[in-house]
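Engineer:
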Amino acid sequence: MYTPKASIWMRKMNTMTPKATCDQPRLHVLGLGSIGTFAAHCLAGIPAPLTPSITLLLHRPNLVDEYIRRGRKIRLETIAGEVVDCENYHVEILDNGEWHRVQTESGLSPAVLDDIIDHLIVSVKGAQTTAALKPLKHRLNASSHILFLQNGSGMVEAANEEVFTDPATRPNYLTGVISHGVTLNAPFDITHTGFSATSLGPVPRSKSDTEETAPSYLLEALPLVPRLNATTYSTLDILQIQLEKLAVNAFCNPLCALSDAKNKFLFTIPDTRRALLTEISRVIQALPELRGIPGISERFSVDKLEATVNGIIHANLETTCSMVVDLRRGQKTEILFINGYWCRRGREVGVPTPINDSLVRQILERQGDMELAKEYSLERRNGPLVEESVVLLHVTTEQICGEK
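Residues in the sequence shown are numbered from 1 upward in steps of one, following the UniProt record's numbering.
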């Protein structure tokens, strides 16, 4: 477990005078799907003296109307069926490329907001990350902290390549892995379907760094919220947790989406689970960033991955994966940041990934990206182990339909 370098924020807030309320931490939330809405609801539970001011960043005017219609609250139904409302959020809307505060009664404030954002939680879908961050680029600098609380992997790299290209002015990055089951019923209305854990950790500013350089309020405050059940870890530990969650998502999301089913369906396809996790285990064992780390072979063995996957699924049997909802709505999925990650890393380390390739191709075809899907056809893949893995691919794709 990682301990923040110094409890700077706690000491600062404990010494605040009543006139120092301008020093109240300011949090902004970008992306209000199931994860982002759950995070925004949990943020309201950060206790004093670290209680923040929370701003919801919206890209669509109809979301503002919906927020007002719902009484300017975020509604959460607990696992026990209790309804918990949180309010007192600030709201900003992107209008013609400029951010404006939504005022309580008079609509949008005419003033354009360009103040620096101290702490930003990003929970948009992976493919939307860079587009969502670009309108905020001028409000983020080297003193800002961004927590990427999303499904999948590869969003940090995309942000560096397309948005924060200068390392000197790049914000500090944090990554989060959330295993709770949450269903978005409607905008600002969620159901907590499965209690689990949230894992947080710093991302090095460069490949040569081993730890973050600036202490983070988020890493200190978020673990104080019981509902979030968050723990802070080191860079290396959070990477391993992220890979475990990515293995879970690579099984749950595409297979539930292709069958239009809740998570409990996954217990009907054990052979498919074993074959896919065998492929993922091979990729992980070959990753250079984990080379020489004690316990990697055991932690990412097929048996251990199966136990991890089964544990999370069992805690979220009635949860509907986000990819299922995306396909139902005719929206783009996060497949390229989930199974696509294993395909990319497999190519980098010379491990064929025909099962992941097949799942990516099928989901891309379902969402209408036919040309992109062709890049994941078996004929386009080359490698010394492809022929050996063809049997696994054939068995798995048959079982997707045959094991129900």
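Note that CB positions come from ideal geometry on N, CA and C, so glycine has one too.
This structure is a prediction, so every number in the text was calculated from the model and none was measured.
Quick check on Pro25: does DSSP put it in helix, strand or coil?
Structural biologist: Pro25 falls in the coil class under three-state DSSP.
Engineer: Exposed or buried, what is Arg273 when buried is set at 16 or more other beta-carbons lying within 10 Å of its beta-carbon?
Structural biologist: Buried, by the Cβ-count rule.
Engineer: Please state the DSSP three-state secondary structure of Ala275.
Structural biologist: Three-state DSSP puts Ala275 in a helix.
Engineer: Could you check if Glu334 is buried or exposed, using at least 16 other CB atoms within 10 Å of its CB as the buried criterion?
Structural biologist: By the neighbour-count rule (16 or more Cβ atoms within 10 Å), Glu334 is buried.
Engineer: Determine, using beta-carbon pairs with one atom in the stretch 177–192 and one in the stretch 162–169, whether at least three such pairs fall under 8 Å.
Structural biologist: At 8 Å Cβ cutoff, the stretches do not touch.
Engineer: Under 8 Å: do the stretch 175–182 and the stretch 361–368 share three or more Cβ pairs, one atom per stretch?
Structural biologist: Touching, no, given that fewer than three Cβ pairs across the two stretches are closer than 8 Å.
Engineer: Throw me the rounded Cβ distance for the Ile116 and Arg101 pair, which I believe falls under 8 Å.
Structural biologist: Not confirmed; about 15 Å, so no contact.
Engineer: Just to confirm the assignment: which complete alpha helix (DSSP H) runs, minimum length 4, are found wholly within the stretch 310–383?
Structural biologist: DSSP runs (the alpha helix (DSSP H)) wholly in the stretch 310–383: 322–328, 339–349, 354–366 and 370–374.
Engineer: Below 8 Å on the Cβ atoms is my guess for Thr320 versus Thr198; work out the distance and round it to an integer in Å.
Structural biologist: In fact, because the Cβ distance is near 20 Å, the residues do not count as touching under 8 Å.
Engineer: Measure the beta-carbon distance from Leu287 to Val349 and round it to whole angstroms, keeping in mind my assumption that it falls under 8 Å.
Structural biologist: About 6 Å separates the two Cβ atoms, so the contact holds.
Engineer: When you compare the CB positions of His119 and Cys86, do they come within less than 8 Å of one another, or not?
Structural biologist: Going by C-beta atoms, His119 is not nearer than 8 Å to Cys86.
Engineer: With a threshold of 8 Å on Cβ separation, who are the neighbours of Pro226 within its own chain once the five nearest residues in sequence on each side are excluded?
Structural biologist: Within the same chain, Pro226 has close Cβ partners Gly45.
Engineer: If Ala250 and Asn339 are in contact, beta carbons under 8 Å, what's the gap, nearest whole angstrom?
Structural biologist: Contact holds; Cβ gap of about 5 Å.
Engineer: Alpha carbon to alpha carbon, how far is Lys137 from Gln362? Give it in angstroms, no decimals.
Structural biologist: Computed Cα separation, rounded: 35 Å.
Engineer: Across which residues does DSSP place residue 405 in a beta bridge pair?
Structural biologist: Residue 405 falls outside the range modelled here, since the chain spans only 1 to 404, and no answer is possible.
Engineer: Is the beta carbon of Val91 sitting closer than 8 Å to the one on Val156?
Structural biologist: Result no, Cβ atoms of Val91 and Val156 do not sit closer than 8 Å.
Engineer: Might you give, ordered along the chain, the residues of its own chain that have their beta carbon closer than 7 Å to the beta carbon of Ala39, omitting 5 neighbours on each side?
Structural biologist: Closer than 7 Å at Cβ, skipping near neighbours: Val29, Ile121, Ser123 and Leu149.
Engineer: Which one or two residues does DSSP pair with Val283 in a beta bridge?
Structural biologist: Bridge partners of Val283: none, in fact.
Engineer: Would DSSP call Gly107 helix, strand or coil?
Structural biologist: Strand at Gly107.
Engineer: Do you know whose CA, among Ala80, Ala111 and Asn160, lies nearest Asn141's CA?
Structural biologist: Of Ala80, Ala111 and Asn160, the residue nearest in Cα terms is Asn160.
Engineer: Around the C-beta of Glu220, are 16 or more other C-beta atoms found within 10 angstroms, so that it is buried, or is it exposed?
Structural biologist: Glu220 comes out buried.
Engineer: Let me know if Pro354 comes out buried or exposed under the rule of 16 or more other beta-carbons within 10 Å of its beta-carbon.
Structural biologist: Buried, because 16 or more other Cβ atoms sit within 10 Å of the Cβ of Pro354.
Engineer: Mapping DSSP to helix, strand and coil, what is Pro226?
Structural biologist: If DSSP states are grouped into helix, strand and coil, Pro226 belongs with coil.
Engineer: Quick test of the definition: if touching needs 3 or more C-beta pairs under 8 Å, does the stretch 276–285 touch the stretch 302–309?
Structural biologist: At 8 Å Cβ cutoff, the stretches touch.
Engineer: Report yes if the C-beta distance between Ile74 and Thr51 is below 8 Å; otherwise report no.
Structural biologist: Cβ distance not < 8 Å, so Ile74 and Thr51 don't count as in contact.
Engineer: Helix, strand or coil: which one does DSSP assign to Glu87?
Structural biologist: Looking at Glu87 - three-state DSSP - the assignment turns out to be coil, as it is neither helix nor strand.
Engineer: Taking its Cβ as the centre, do 16 or more other Cβ atoms sit within 10 Å of Lys125, making it buried, or is it exposed?
Structural biologist: Burial call: buried.
Engineer: Considering Cα atoms alone, identify which of Ala127, Arg205, Asn229 and Leu266 is closest to Ala158.
Structural biologist: When only C-alpha atoms are compared, the closest one is Ala127.
Engineer: Rounded to the nearest angstrom, what separates Glu298 and Leu258 at their Cα positions?
Structural biologist: Their Cα atoms are separated by approximately 31 Å.
Engineer: Just verifying my parser: in three-state terms, what is the DSSP assignment at Lys125?
Structural biologist: Coil, per DSSP.
Engineer: Taking the continuous beta strand (DSSP E) assigned at Thr175, which residues delimit it?
Structural biologist: Taken as a continuous stretch (DSSP letters only), the beta strand (DSSP E) holding Thr175 covers Asn172 to Ile178.
Engineer: Provide the residue span of the alpha helix (DSSP H) that contains Phe251, from first to last.
Structural biologist: Residues Thr235 to Ser259.
Engineer: Rounded to whole angstroms, what's the CA-CA distance from His314 to Leu246? Just pull it up for me.
Structural biologist: Their Cα atoms are separated by approximately 17 Å.
Engineer: Is DSSP giving Pro270 helix, strand or coil here?
Structural biologist: Note: Pro270 maps to helix in three-state DSSP.
Engineer: Starting from Glu298, trace the alpha helix (DSSP H) both ways and give me its first and last residue.
Structural biologist: Taken as a continuous stretch (DSSP letters only), the alpha helix (DSSP H) holding Glu298 covers Ile296 to Arg299.
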